[in-house]
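In our numbering, the protein residues as written are 1109 to 1426. Note that CB positions come from ideal geometry on N, CA and C, so glycine has one too. Just so it is clear, the structure is predicted and the values come from calculations on it, not from any experiment. To keep things clear, I will list the structure first and then write my remarks on it.
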């Protein structure tokens, strides 16, 4: 008698790389995604009795992703495209009940020309290594005519630094404390943030190939259907607060970021920040009679990658 039982199954295709050019005459828009597709459903027998008749091949998932990237009118919105992709898959295959779509959007910005920053119609620059992230779960477990979805978006690897306007003092001092209090310091972090939208219902496709995807009319601003604008506001809020806040600590600055994201986006239920401290240590030059350690005179620093502080918190709507 077997002493084990299969309790969960999920499989799919990872790191499907997609680049799409959307042309309007000479004016082009581009997006580049890394896409992951994972599926759940009545697929247990492929594990337990080697029954491949229930398997949607991962190669098919890759090809579906490419095809939707070609035909979807929602390709420029990572949230809408991920929802379209997940909706198509769970609607097309009767035995697939959930689709988990993860996207990373790489940065491409339009090149601005000349003194007037005139935007070039089809030339672009990678102007940062931060990436927009989207995680979508499309759920058909209640029926193919009762689709629901959960959407979480975010930003990862947004590297920021300010050379002043940050302090850290008043913390616990005991026998383990070697850190000096400072009223001004270099503050740097690589921002990772995610924001979760309120759950939503989806309109099921009615065409034979299950390719239709309908965005509701009159949707509220600040929610998942307005996600492109939400992403812009979240990034702007994060950078504004980081730059302008007279920071008493990373914790205090983080909370202000989260408060502004919630206040400006009515459809966002919660936002989570992870802020690792990128330490810059002033070089001690007292041995040659040079003061480089008091905050007002500290100008030469050693970047230290590890160990580092890690500050995280979730701010939720009441």
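If residue 1309 and residue 1256 are in contact, beta carbons under 8 angstroms, what's the gap, nearest whole angstrom?
5 angstroms
Pop quiz: residue 1425 and residue 1378 are said to be a contact at Cβ under 8 angstroms. What is the actual Cβ separation, rounded to whole angstroms?
7 angstroms
Backbone secondary structure at residue 1205 - three-state DSSP
strand
Just how far apart, CA to CA, sit residue 1224 and residue 1212?
32 angstroms
Cα-Cα, which of 1316, 1393, 1119, 1214 is closest to residue 1165?
1119
So the candidates are 1241, 1314, 1234, 1183; which of them puts its Cα closest to the Cα of residue 1254?
1314
Per the contact definition of three or more C-beta pairs closer than 8 angstroms, is the segment 1178-1192 in contact with the segment 1320-1329?
yes
For the segment 1170-1241, list the alpha helix (DSSP H) runs that are entirely contained and at least 4 residues long, ordered along the chain.
1186-1200
Going straight from the alpha carbon of residue 1191 to that of residue 1127, what length do you get?
18 angstroms
Pairwise C-alpha distance: residue 1121 and residue 1269:
36 angstroms
Beta strand (DSSP E) runs contained entirely in the segment 1337-1423, provided each spans 3 or more residues
1376-1384, 1387-1390, 1409-1412
Is residue 1323 helix, strand or coil when you go by DSSP?
coil
Our contact map puts residue 1145 next to residue 1117 with C-beta atoms below 8 angstroms; I'd like the distance itself, whole angstroms only.
About 15 angstroms; that fails the 8 angstroms criterion.
Can you check whether the CB of residue 1421 is closer than 8 angstroms to the CB of residue 1362?
yes
Which of the three DSSP states is assigned to residue 1116 in this structure?
coil
Classify residue 1332 as helix, strand or coil using the three-state DSSP reduction.
helix
Just checking my contact of residue 1197 with residue 1123 at CB under 8 angstroms: how many whole Å lie between their CB atoms?
About 18 angstroms; that fails the 8 angstroms criterion.
Tell me the DSSP bridge mates of residue 1128?
1139
Once the 5 residues before and after residue 1368 are set aside, which same chain residues still bring their CB inside 7 angstroms of it?
1345, 1349
Rounded Cβ spacing between residue 1386 and residue 1416 (contact assumed at less than 8 angstroms)
7 angstroms
Count the other CB atoms within 10 Å of the CB of residue 1170; is the residue buried (16 or more) or exposed (fewer)?
buried
If distances are taken between C-alpha atoms only, which option among 1215, 1221, 1195, 1266 comes closest to residue 1252?
1195
Assigned exposure category for residue 1427 - 16 Cβ within 10 Å defines buried
In the structure as shown, the chain begins at 1109 and stops at 1426. Residue 1427 is therefore absent and cannot be evaluated.
At which residues does the alpha helix (DSSP H) containing residue 1154 begin and terminate?
1153-1156
In or out: residue 1339 buried (at least 16 other Cβ within 10 Å) or exposed?
buried
Determine the contact status of residue 1238 and residue 1266, defining contact as a CB-CB distance below 8 angstroms.
yes
What first and last residue would you give for the beta strand (DSSP E) that runs through residue 1266?
1256-1270
Where does residue 1298 sit, in a helix, a strand or coil, going by DSSP?
strand
Measure the alpha-carbon distance for residue 1289 versus residue 1351 and round it to whole angstroms.
21 angstroms
Does the distance from the C-beta atom of residue 1305 to that of residue 1366 stay below 8 angstroms?
no
Give the DSSP-derived three-state secondary structure of residue 1166 in the structure shown.
helix
Distance, Cα to Cα, residue 1299 vs residue 1409?
21 angstroms
Taking C-alpha atoms, which residue in 1136, 1372, 1151, 1189 lies nearest to residue 1205?
1151
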